[in-house]
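Numbering (this note's numbering), first residue to last: 1367 to 1607. Note that beta-carbon positions come from the ideal geometry of N, C-alpha and C, so glycine has one too. Note sheet for the following structure.
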Amino acid sequence: MSETTETYEVQQAADEAPEAPAGMAPAEEGPEAAPAGTSGVAGLELKPALEAVLMVVDEPASAEHLAKVLERRPREVSDALRELADEYAREGRGFELRLVAGGWRYYTRGTYADAVERFVLDGQQARLTQAALETLAVVAYRQPVSRSRVSAVRGVNCDGVMRTLLQRGLVEEAGTEPETGAILYRTTHYFLERMGLRGLDELPELAPFLPEAEAVEGETQESMPSFDVDDLSSGTQTTEH
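Now the structure itself:
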């Protein structure tokens, strides 16, 4: 085939190709083209996009999850999150971006806690009772722990308080105790979030001041009178004259 004939066929194929609709740009070629099926999220400015998403989260969001949603690299998202947190701190905003319980979330700055508390509570009592706080502390430092052991440490029955903590999502079931089959309990990620902790290793060093449940149980058993069936039987048969 001559060069002239080949050139003519190529030109003819180009002329017969369908034209793109009016107003539509031709598809990009080369390495800069967006992959098929990619949404417009990847084209958004990263920091404002992160702010928009974090405004609606109901629990801390990890950098990996945010990267997946925004179609970015995790390292890029992590750097942007830390930059945002530093910017808010420098500007003294009324809120801050914190890394808590393995994820990022907005929190009001502690300086303005009184104003926020007054607005949210508005005279209503929404805090945990002293009994609930004590029970929660025992679970946090002794977890996983059964209800009976929590009651032994506190010296009172904690069933009602434990139900309250379960309902509020601060504790959860964590299997059963091999020896007794009793249900074990541990704190939740929501607990870490409310306490402002990244993990349980950031709990204050209070464990040494809590008595061991076994020791308390032993003292409780010693303080209770014990009855022997044989003693009772012999006692009923013996009478004084």
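Asked	Found
Proximal residues to V1640 (C-beta, below 7 Å), its chain only, five neighbours per side dropped	Any answer about residue 1640 is impossible in this case: the structure gives the chain only from 1367 up to 1607.
At least 3 beta-carbon pairs within less than 8 Å: the segment 1546-1557 vs the segment 1495-1510	yes
Closest Cα partner of G1547 within the set E1538, V1511, V1537 and G1535	V1511
contact_flag[the segment 1406-1416, the segment 1436-1448] where n(CB pairs < 8 Å) is 3 or more	yes
Between the CA atoms of A1451 and E1417 - distance to the nearest angstrom	11 Å
Which listed residue (Q1509, Y1454 and H1431) has its alpha carbon closest to that of S1444	H1431
Endpoints, beta strand (DSSP E) assigned at E1545	Here E1545 belongs to no beta strand (DSSP E), and DSSP marks it neither H nor E.
Secondary structure of A1446, DSSP reduced to three states	helix
For G1569, three-class secondary structure by DSSP	Per the sequence presented here, residue 1569 reads as Leu, with Gly not at that position. DSSP places L1569 in coil when its eight states are reduced to three.
G1469 beta carbon less than 7 Å from that of P1426	yes
Pairwise C-alpha distance: Y1551 and A1497	17 Å
Buried or exposed by the 16-neighbour rule on C-beta atoms within 10 Å, applied to M1528	buried
Limits of the unbroken alpha helix (DSSP H) element including A1466	Note on residue identity: the sequence assigns Val, not Ala, to residue 1466. That residue, V1466, is in no alpha helix (DSSP H); its beta strand (DSSP E) goes F1461 to V1466.
Cα-Cα separation, R1534 to E1449	33 Å
Local conformation of E1453 per DSSP, three classes	helix
Per DSSP, the bridge partner or partners of E1539	Y1551
Residue burial classification, D1407 (beta-carbon count within 10 angstroms, cutoff 16)	Reading off the sequence, residue 1407 comes out as Val, not Asp. Flag for V1407 reads exposed.
Length of the line joining the Cα atoms of N1523 and E1543	19 Å
Secondary structure of G1409, DSSP reduced to three states	helix
Run of the alpha helix (DSSP H) containing R1513, from where it starts to where it stops	R1513 to R1520
Three-state class that DSSP yields for T1586 in the structure shown	Unreliable placement is indicated for T1586, whose pLDDT of 43 sits below 50; the coordinate value is still reported in the next sentence. Of the three classes helix, strand and coil, the one that applies to T1586 here is helix, per DSSP.
Cβ neighbour criterion (16 or more within 10 Å) applied to T1495	exposed
Buried/exposed call for A1433, threshold 16 Cβ in 10 Å	buried
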